[in-house]
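**Student:** Please read through the structure below; I'll follow up with questions.
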Amino acid sequence: IAIAVTRERREGETRCAATPETVKKLLALGASVTVESGTGAGSSISDADYEAAGAKVTSDLAAVLAGADVLLKVRGPTASETSALKSGTVVVGMLDAYRDKATVDALKGQGASAFAMEFVPRITRAQVMDVLSSQANLAGYRAVIEAAHTYGRGFPMMMTAAGTVAAAKVFVMGAGVAGLQAIATARRLGAVVTATDVRPAAKEQVESLGAKFVAVEDEEFKAAETAGGYAKQMSAEYQAKQAELTASHIVKQDVVITTALIPGRAAPVLVTAAHVASMKAGSVIVDLAVEAGGNVEGSKPDQIATTANGVKIVGWNNMAGRIAADASALYARNLVAFVGLMVKDGVLAIDLEDEILKAAMVTHQGQVVHEGLGG
Ligand code: NAD
3 IAIAVTRERR EGETRCAATP ETVKKLLALG ASVTVESGTG AGSSISDADY
53 EAAGAKVTSD LAAVLAGADV LLKVRGPTAS ETSALKSGTV VVGMLDAYRD
103 KATVDALKGQ GASAFAMEFV PRITRAQVMD VLSSQANLAG YRAVIEAAHT
153 YGRGFPMMMT AAGTVAAAKV FVMGAGVAGL QAIATARRLG AVVTATDVRP
203 AAKEQVESLG AKFVAVEDEE FKAAETAGGY AKQMSAEYQA KQAELTASHI
253 VKQDVVITTA LIPGRAAPVL VTAAHVASMK AGSVIVDLAV EAGGNVEGSK
303 PDQIATTANG VKIVGWNNMA GRIAADASAL YARNLVAFVG LMVKDGVLAI
353 DLEDEILKAA MVTHQGQVVH EGLGG
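Numbers 3 to 377, taken from UniProt numbering, label the letters of the sequence shown in order.
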C-alpha cells in the first residue's frame, strides 16, 4: 500500500497528518510512506526526520498524489490535490463535510473513497481514533493560555510586599472535552473557575475538577442529553432562563471561554452583545466556536475584537493549530489507528460493514454515501 502525506494547503493550517513516530507505525502495517517536502514544518518536523523514520520525501507533489493508494490529510485536500489522485484512492482527513460541500463533490467526482474523521462514532472501540476529542482537548488548554496572554492581569492570587493581586474569575461555557480541559488548565493557573453546560452529566465532571457548576437545573435540563452523549437543542424558554442566569453571572467574570457546539448545526449564541457590554474593561472572552458561527456576539474569525467598553474577544480559528506539534502528534496517532482498520495482511481491505468505517465514509465509487449528506 502506498500511503501519501502532503503539506496542508488550507489557510492557517499548521498541523500535519503524520509524524516520524506514525511513519514507523504505518511502515509496520506493511505500507510504504511518501511525504511531501515541508509537511512537518509547522510542527517542527524536518524532512530529514521523516526520512530517518523510513519515509520517502519528495517535492514532486503530482507524483506523490498519482502514486497514492491512501492520502492522509489534516484538512480536506484542495481541488488541485484531489484532481491529481487516481480513481479509488482512499482519502482520510477532517473534511468538514457538513460545511465544505465543494470538497466532498470533488472527491466524489474523482472516484475517491473519502473518510471524514469528524464522523468517527464516539464508541469505545473508536476512542483511539477520536480526532474531535484529541484536538478539542488541546484547544481547551490553548484557549486558556490565549486568555491568560491577552488578559492584562494575573490568573493566580499573589500576595506580595506591594499588596495582593486578586485571582481571576474564569467562566467556562460548555463542559465537553475542550471545556473540561479549559477548566483544569485555568485551575492550574490559580483562577477561580465556574462552568456551565446543558448536559446534566457535565455537572459532576465540572465539580470533580474543582470548579463550581452554574446552570438552570429544571426538568428540561435533567432530561437533556441525547443517546450519543451530545447536547440537545434546548427550548427557547430554557434558553431565556439560562440567558438570565448567565447575565447575572457574567457581569462578575474576568475571563469567559465558550466551547459550545451542536453537531451539524450552527453554534448557539451564549454570550450576547448585552452580556459583553456588562463586563468590566480588560475582561477577555475566548470563543472556541468561532468557526461554527460563534458562541459570542461580536467575535470575529482570526481576530481579537475590542469592544467599546474595553472587552477583548479572542476569535482564533483552529485553536489546536496553535499547539501544532502536540496536535499533529495526537492527530497522526488517531489516523494510524483508523488506517489500521482497513489494512489486512499488508493489503487494503475496506470492510464496508465495519461500524466505524461506515460512519466515517463520505464518498465511494463516485457516490456520496454518508446519510447526513443525503447519500
Ligand atoms: P461538543 O464539542 O459537541 O460541545 C461542547 C460542549 O458544549 C458539550 O458539553 C455540550 O453539551 C455543550 N453545549 C452545547 N450547547 C450548549 C449550550 N446552549 N449551553 C451550554 N453548553 C452547551 O462536545 P464534546 O466535547 O465533543 O463532547 C460531547 C459529549 O461526548 C460529552 O459527553 C463527552 O464526554 C462525550 N464524549 C464521549 C466519547 C467516547 O468515546 N465515549 C469521546 C468524546 C466525548
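Glycine included, each C-beta is placed from N, C-alpha and C at the ideal position.
Identify the continuous alpha helix (DSSP H) that holds Gly342 and give its terminal residues.
**Tutor:** What you label residue 342 is simply residue 340 of the sequence shown in a count that begins at 1. The continuous alpha helix (DSSP H) containing Gly342 extends over residues Ala326 to Gly342.
**Student:** Cα separation between Asp98 and His251?
**Tutor:** Position 96 of the sequence shown, counting from 1, holds the residue named residue 98. Position 249 of the sequence shown, counting from 1, holds the residue named residue 251. CA-to-CA, the gap between Asp98 and His251 works out to about 34 Å.
**Student:** Rounded to whole angstroms, how far is the Cβ of Ala217 from the Cβ of Thr198, which I believe are closer than 8 Å?
**Tutor:** In the sequence shown, counting from the first residue as 1, residue 217 sits at position 215. In the sequence shown, counting from the first residue as 1, residue 198 sits at position 196. Right, their Cβ atoms sit about 5 Å apart.
**Student:** Let me know if Leu247 comes out buried or exposed under the rule of 16 or more other beta-carbons within 10 Å of its beta-carbon.
**Tutor:** For the purposes of this step, residue 247 is taken as the residue at position 245 of the sequence shown. By the 10 Å Cβ count, Leu247 comes out exposed.
**Student:** Could you tell me whether the region 334 to 353 touches the region 5 to 23, using the rule of 3 or more Cβ pairs below 8 Å?
**Tutor:** yes
**Student:** In angstroms, rounded to a whole number, what distance separates the CA positions of Gly178 and Ala262?
**Tutor:** Locating residue 178 in the sequence shown gives position 176, counting from the first residue. Locating residue 262 in the sequence shown gives position 260, counting from the first residue. Cα to Cα, Gly178 sits roughly 8 Å from Ala262.
**Student:** Within 10 angstroms of its Cβ, does Asp220 collect 16 or more other Cβ (buried), or is it exposed?
**Tutor:** To locate residue 220, count along the sequence shown from 1; it is residue 218. Counting Cβ neighbours within 10 Å, Asp220 comes out exposed, since fewer than 16 surround it.
**Student:** Where DSSP assigns a beta bridge to His366, which residues make up the other side?
**Tutor:** Start at 1 with the first residue of the sequence shown, and residue 366 comes out as number 364. Answer by DSSP bridge pairing, in chain order: Gln369.
**Student:** To the nearest angstrom, report how far apart Ala249 and Leu29 are at their CA atoms.
**Tutor:** Within the sequence shown, residue 249 is the residue found at index 247, counting from 1. Within the sequence shown, residue 29 is the residue found at index 27, counting from 1. Computed Cα separation, rounded: 55 Å.
**Student:** Are Val200 and Thr260 closer than 7 Å when you measure CB to CB?
**Tutor:** The residue you call residue 200 lines up with position 198 of the sequence shown. The residue you call residue 260 lines up with position 258 of the sequence shown. Cβ atoms of Val200 and Thr260: not closer than 7 Å.
**Student:** When burial is assigned at 16 or more other CB atoms within 10 Å of the CB, is Met281 buried or exposed?
**Tutor:** The residue labelled residue 281 in the question sits at position 279 within the sequence shown. Answer is buried; the Cβ neighbour count reaches 16.
**Student:** Is it true that the region 355 to 369 meets the region 89 to 109, where meeting means three or more beta-carbon pairs spaced less than 8 Å apart?
**Tutor:** yes
**Student:** Can Met131 and Ala339 be called in contact, C-beta distance under 7 Å?
**Tutor:** On the sequence shown, position 129 is the one that residue 131 refers to. On the sequence shown, position 337 is the one that residue 339 refers to. At the C-beta level, Met131 and Ala339 come within 7 Å of one another.
**Student:** According to DSSP, is Thr60 part of a helix, a strand, or is it coil?
**Tutor:** By 1-based counting over the sequence shown, the position of residue 60 is 58. Note: Thr60 maps to strand in three-state DSSP.
**Student:** Which residue marks the beginning of the beta strand (DSSP E) containing Phe173, and which one marks its end?
**Tutor:** As a working mapping, residue 173 is identified with position 171 in the sequence shown. According to the DSSP assignment, Phe173 belongs to the beta strand (DSSP E) that extends over Lys171 to Met175.
**Student:** Please report how far the alpha carbon of Met11 lies from the alpha carbon of Ala326, in whole angstroms.
**Tutor:** Taking the first residue of the sequence shown as 1, we reach residue 11 at position 9. Taking the first residue of the sequence shown as 1, we reach residue 326 at position 324. Residue identity differs from the one stated: residue 11 is Arg in this sequence, not Met. In a straight line, the C-alpha of Arg11 is about 15 Å away from that of Ala326.
**Student:** Under three-state DSSP, which class holds Ser115?
**Tutor:** Along the sequence shown, read from residue 1 onward, the residue named residue 115 stands at position 113. Strand.
**Student:** Is DSSP giving Arg101 helix, strand or coil here?
**Tutor:** Numbered from its first residue, the sequence shown carries residue 101 at position 99. Reduced to three states, the DSSP call for Arg101 is coil.
**Student:** State buried or exposed for Met160, treating a residue as buried only when at least 16 other CB atoms are found within 10 Å of its CB.
**Tutor:** Looking up residue 160 in the sequence shown gives position 158. Exposed, because fewer than 16 other Cβ atoms sit within 10 Å of the Cβ of Met160.
**Student:** Anyone know if the C-beta pair for Phe173 and Gln255 falls short of 7 Å?
**Tutor:** What you label residue 173 is simply residue 171 of the sequence shown in a count that begins at 1. What you label residue 255 is simply residue 253 of the sequence shown in a count that begins at 1. Yes, the Cβ-Cβ distance between Phe173 and Gln255 is below 7 Å.
**Student:** Using the C-alpha atoms, what's the distance from Ser48 back to Gly40?
**Tutor:** The sequence position of residue 40 within the sequence shown is 38, counting from 1. The sequence position of residue 48 within the sequence shown is 46, counting from 1. So the alpha carbons of these two residues sit roughly 7 Å apart.
**Student:** Here's the rule I'm using: 16 or more other beta-carbon atoms within 10 Å means buried, otherwise exposed. How should Gly32 be labelled?
**Tutor:** Counting from one through the sequence shown, the residue named residue 32 turns up at place 30. Exposed, because fewer than 16 other Cβ atoms sit within 10 Å of the Cβ of Gly32.
**Student:** In whole angstroms, what is the alpha-carbon distance linking Thr187 and Ala65?
**Tutor:** Here residue 187 refers to the residue found at position 185 when the sequence shown is read from its first residue. Here residue 65 refers to the residue found at position 63 when the sequence shown is read from its first residue. For Thr187 and Ala65, the distance between alpha carbons rounds to 44 Å.
**Student:** Any heavy atom of the ligand NAD inside 6 Å of the beta-carbon of Tyr232?
**Tutor:** Taking the first residue of the sequence shown as 1, we reach residue 232 at position 230. At least one heavy atom of the ligand NAD is nearer than 6 Å to the Cβ of Tyr232, so yes.
**Student:** Shorter than 6 Å, the distance from the beta carbon of Thr261 to the closest heavy atom of the ligand NAD, or not?
**Tutor:** As a working note, residue 261 is residue 259 in the sequence shown. Yes, the Cβ of Thr261 comes within 6 Å of a heavy atom of the ligand NAD.
**Student:** Ordered along the chain, which non-local residues of its own chain (more than five positions away) have a Cβ less than 7 Å from that of Val292?
**Tutor:** Sequence index remark: in the sequence shown, residue 292 carries index 290 (1-based). Residues Ser301, Pro303, Gly317 and Asn319 of the same chain have their beta carbon placed closer than 7 Å to that of Val292, with the five preceding and five following residues left out of the count.
**Student:** List the whole-angstrom C-beta distance separating Ala86 from Ala6, where the pair is believed to meet the contact cut-off of C-beta under 8 Å.
**Tutor:** Your numbering for residue 86 matches position 84 in the sequence shown. Your numbering for residue 6 matches position 4 in the sequence shown. Contact flag wrong, Cβ pair sits at about 10 Å.
**Student:** Distance, Cα to Cα, Ala180 vs Val167?
**Tutor:** Walking along the sequence shown from the start, residue 180 turns up at place 178. Walking along the sequence shown from the start, residue 167 turns up at place 165. Cα to Cα, the separation comes out at about 28 Å.
**Student:** By DSSP, does Ser237 sit in helix, in strand, or in coil?
**Tutor:** Walking along the sequence shown from the start, residue 237 turns up at place 235. It is coil, neither helix nor strand.
**Student:** Pairing CB atoms from the region 69 to 84 with CB atoms from the region 52 to 61, are three or more of them under 8 Å?
**Tutor:** Contact between the region 69 to 84 and the region 52 to 61 is absent, because fewer than three Cβ pairs lie under 8 Å.
**Student:** Quick check: is any heavy atom of the ligand NAD less than 6 Å from the C-beta of Gln129?
**Tutor:** For the purposes of this step, residue 129 is identified with residue 127 of the sequence shown, where counting begins at 1. Gln129 Cβ: within cutoff of the ligand NAD.
**Student:** Kindly indicate which three-state DSSP category Ser210 falls into: helix, strand or coil?
**Tutor:** To locate residue 210, count along the sequence shown from 1; it is residue 208. In the structure shown, Ser210 sits in a helix (DSSP, three-state: H, G or I).
**Student:** With a threshold of 6 Å (Cβ to nearest heavy atom), would Val200 be considered close to the ligand NAD?
**Tutor:** Working through the sequence shown from its first residue, we reach residue 200 at position 198. Correct: Val200 has its Cβ closer than 6 Å to the ligand NAD.
**Student:** For Val194, which option in Thr91, Pro202 and Leu211 has the closest C-alpha, if you only look at C-alpha atoms?
**Tutor:** On the sequence shown, residue 194 is found 192 positions in, with the first residue counted as 1. The option with the nearest alpha carbon to Val194 is Leu211.
**Student:** Put Ile315 into one of helix, strand or coil per three-state DSSP.
**Tutor:** Within the sequence shown, residue 315 is the residue found at index 313, counting from 1. DSSP places Ile315 in strand when its eight states are reduced to three.
**Student:** Please tell me whether Thr16 and Gly323 are closer than 7 Å, where the distance is taken between their beta carbons.
**Tutor:** Within the sequence shown, numbered from 1, the residue matching residue 16 stands at position 14. Within the sequence shown, numbered from 1, the residue matching residue 323 stands at position 321. Yes. Within cutoff.
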